[in-house]
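Novice:
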Amino acid sequence: LRSYKPAKTLFQRTTNAATMIFPRALLSIALLATTSAFAPTSSHPRTTASCIHSSTAEAATVQEEVASDAGDRDILIRAARGEQVDRTPVWLMRQAGRYMSAFRQYSDKYPFRERSETPSMAIELSLQCHRAYGMDGIIMFSDILTPLPTLGIEFDVVKGIGPVISTEVRNDEDVAKLADVADVDFDKTLPFIREILGSLSKEAEEANTSLIGFVGAPFTLAAYTIEGKSSKHCLRTKKMMMADDDGSSKAMTAFLDKLATMIGKYGCHQIECGAQVIQVFESWAHQMSPKQFEQFGKPASQKAIKIIKEKYPDVPVIYFANGGSSYLELQRDMGADMIAVDWSVDMAEARKILGPDIPISGNIDPTILFGTKEQQPEGRETRTLTDLGSNTPFYRLGYLTLQGARRYCMTTTHSFLMRCGILSSETTR
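Numbering (the numbering used here), first residue to last: 719 to 1147.
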């Protein structure tokens, strides 16, 4: 690892055309959910961030190193804060994944928790994608469920099944048995986090790039725990919400409050270990009705975000509710620096709903990568940009990584960035 030399070519430099077309953009290529994001239309210098959650194929060779502009180290952070930047930052969120053969060499041999909790492996997996593509951010290889053991909630990630939570939380007594949030010691329960982020912080500084952390939103972690695994209908969780609503049990409210405090502190812990921006994932937002979001999901996420922002006001926080576009108007006051939306909402409509002052990121349906050449993002998203005038884009491709599309996805994404002037043929190969 110490001999690692960061790639500085692919996605690392942009042309003057990029600055003219996207003067205040944070462009990220990520592996969770495609979005094409747009900057606020008000005159103050807010910036939008955007992510392409892309199932990209790994680069055949490491790109040759080139000198980067002064300020590249924190350009993603400055853009996320809403500051003016001289080019469009590019990064991959949750970059480690099966779309890379180097990653599969680990995932085929070692179980998830061993990979994510062994510093040497987690660091290696976190750096693989940056070596290949040289983006403006590095993200720790981890999971949103990682901090659950701090409350006494045990879990595992079983290959072919997914997360399995063995600790039952179904009623007031179960919630009362969980550890006191005031006693949570992340260094004691999750000692690997400080080592992983500390090492990645040094690697990011050496690579002249930023380090990004992430947490799961309270409702999503609560639902995972209550159901015990992934669930299509979340019946146990919804029954707990209904019992809470009619006053027969306050277990759901108590559990969410405990999780919100822990998650907020965990986000702060990641910052103290080196993370420079935090993304909050409400992965199961689609399991809540607008009323349930307003009553349960929203207050809990707001509390977690508030804890982070009160302690570290200059650290950007991004909130993404997967499947939450049906109640987008309720997300205007989350307290985050940016709102990300899923692919089920039209971007012009999202801007109309959220208003002119909130930076937003939007999506591209990941299955479009299986379509014809004419159906690929470069055509559709160029039309979207034209429709919205000078608002800046931010792309995120697919909440799930579609491994079958990985090679074509990289080609399509690269072609689109070249077409829009984000990339220069002189700086890629």
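Every residue, glycine too, gets a C-beta built ideally from N, C-alpha and C.
Shortest alpha-carbon distance to residue 1075 belongs to which of 1009, 1050 and 1061?
Specialist: Here residue 1075 refers to the residue found at position 357 when the sequence shown is read from its first residue. Closest by alpha carbon: 1050.
Novice: What is the DSSP secondary structure of residue 1077, reduced to helix, strand or coil?
Specialist: Locating residue 1077 in the sequence shown gives position 359, where the first residue counts as 1. Note: residue 1077 maps to coil in three-state DSSP.
Novice: Would you call the CB atoms of residue 881 and residue 873 closer than 8 Å?
Specialist: In the sequence shown, counting from the first residue as 1, residue 881 sits at position 163. In the sequence shown, counting from the first residue as 1, residue 873 sits at position 155. Contact: yes.
Novice: Could you have a look at residue 874 and say whether DSSP puts it in helix, strand or coil?
Specialist: Start at 1 with the first residue of the sequence shown, and residue 874 comes out as number 156. Three-state result, residue 874: strand.
Novice: How would you label residue 1090, buried or exposed, when you count the other beta carbons within 10 angstroms and need 16 or more for buried?
Specialist: Residue mapping note: residue 1090 aligns to position 372 of the sequence shown, counting from 1. With fewer than 16 other Cβ atoms within 10 Å, it is exposed.
Novice: Could you give the first and the last residue of the continuous beta strand (DSSP E) run that contains residue 1011?
Specialist: By 1-based counting over the sequence shown, the position of residue 1011 is 293. From DSSP, residue 1011 is part of no beta strand (DSSP E); its letter is neither H nor E.
Novice: Can you tell me the Cβ-Cβ gap for residue 939 and residue 977, rounded? I've got them flagged as a contact below 8 Å.
Specialist: The residue labelled residue 939 in the question sits at position 221 within the sequence shown. The residue labelled residue 977 in the question sits at position 259 within the sequence shown. Going by Cβ atoms, the distance from residue 939 to residue 977 rounds to 5 Å, so yes, they are a contact pair.
Novice: Tell me the rounded alpha-carbon separation between residue 757 and residue 892.
Specialist: On the sequence shown, position 39 is the one that residue 757 refers to. On the sequence shown, position 174 is the one that residue 892 refers to. Only weak support exists for where residue 757 lies, its pLDDT of 44 falling under 50; the value from the coordinates is given anyway. Cα-Cα distance, rounded: 44 Å.
Novice: My understanding is that residue 897 touches residue 870, with C-beta atoms under 8 Å, so please give their C-beta distance in whole angstroms.
Specialist: Position 179 of the sequence shown, counting from 1, holds the residue named residue 897. Position 152 of the sequence shown, counting from 1, holds the residue named residue 870. That pair is a contact at about 5 Å.
Novice: If we call anything under 8 Å between Cβ atoms a contact, is residue 914 one with residue 904?
Specialist: Reading the sequence shown from its first residue, position 196 is the one you call residue 914. Reading the sequence shown from its first residue, position 186 is the one you call residue 904. Not closer than 8 Å, so no.
Novice: Just verifying my parser: in three-state terms, what is the DSSP assignment at residue 1056?
Specialist: By 1-based counting over the sequence shown, the position of residue 1056 is 338. In the structure shown, residue 1056 sits in a strand (DSSP, three-state: E or B).
Novice: Quick check on this structure: which residue in 1013, 826 and 1043 has the alpha carbon closest to the alpha carbon of residue 962?
Specialist: Counting from 1 along the sequence shown, the entry for residue 962 is found at position 244. Out of 1013, 826 and 1043, 1013 has the C-alpha closest to the C-alpha of residue 962.
Novice: Pull the bridge partners of residue 997 from the DSSP assignment, please.
Specialist: One-based indexing of the sequence shown puts residue 997 at position 279. Residue 997 is bridged by DSSP to 932 and 1036.
Novice: Could you spell out the range, first to last residue, of the beta strand (DSSP E) harbouring residue 880?
Specialist: The sequence position of residue 880 within the sequence shown is 162, counting from 1. Looking at the DSSP string, the run of the beta strand (DSSP E) that includes residue 880 is 880-883.
Novice: So, is residue 833 buried or exposed, given that buried needs 16 or more other C-beta atoms within 10 angstroms?
Specialist: For the purposes of this step, residue 833 is taken as the residue at position 115 of the sequence shown. Buried, by the Cβ-count rule.
Novice: If you draw a straight line from the C-alpha of residue 1021 to the C-alpha of residue 1039, how long is it?
Specialist: Locating residue 1021 in the sequence shown gives position 303, counting from the first residue. Locating residue 1039 in the sequence shown gives position 321, counting from the first residue. Their backbone Cα atoms lie some 16 Å apart in a straight line.
Novice: Check for me: the beta strand (DSSP E) holding residue 857 runs from which residue to which?
Specialist: By one-based count along the sequence shown, residue 857 stands at place 139. Per DSSP, residue 857 belongs to the beta strand (DSSP E) from 855-857.
Novice: Between the alpha carbons of residue 1007 and residue 799, how many angstroms are there, rounded?
Specialist: As a first step, residue 1007 is located in the sequence shown; it is residue number 289 there, counting from the start. As a first step, residue 799 is located in the sequence shown; it is residue number 81 there, counting from the start. Cα to Cα, residue 1007 sits roughly 31 Å from residue 799.
Novice: Three-state secondary structure (DSSP) at residue 827?
Specialist: Working through the sequence shown from its first residue, we reach residue 827 at position 109. Looking at residue 827 - three-state DSSP - the assignment turns out to be coil, as it is neither helix nor strand.
Novice: With burial defined as no fewer than 16 other Cβ atoms inside 10 Å of the residue's Cβ, what is the status of residue 876: buried or exposed?
Specialist: Translated into positions along the sequence shown, residue 876 becomes position 158. By the 10 Å Cβ count, residue 876 comes out exposed.
Novice: Kindly list the residues whose CB is nearer than 7 Å to the CB of residue 1044, restricted to its own chain and excluding five residues on each side of it in sequence; keep chain order.
Specialist: In the sequence shown, counting from the first residue as 1, residue 1044 sits at position 326. The beta carbon of residue 1044 lies closer than 7 Å to those of 1008 in the same chain, with the five residues before and after it left out.
Novice: Starting from residue 906, follow its DSSP beta bridges and name the residues at the other end.
Specialist: Reading the sequence shown from its first residue, position 188 is the one you call residue 906. Paired residue(s): none; residue 906 is not in a bridge.
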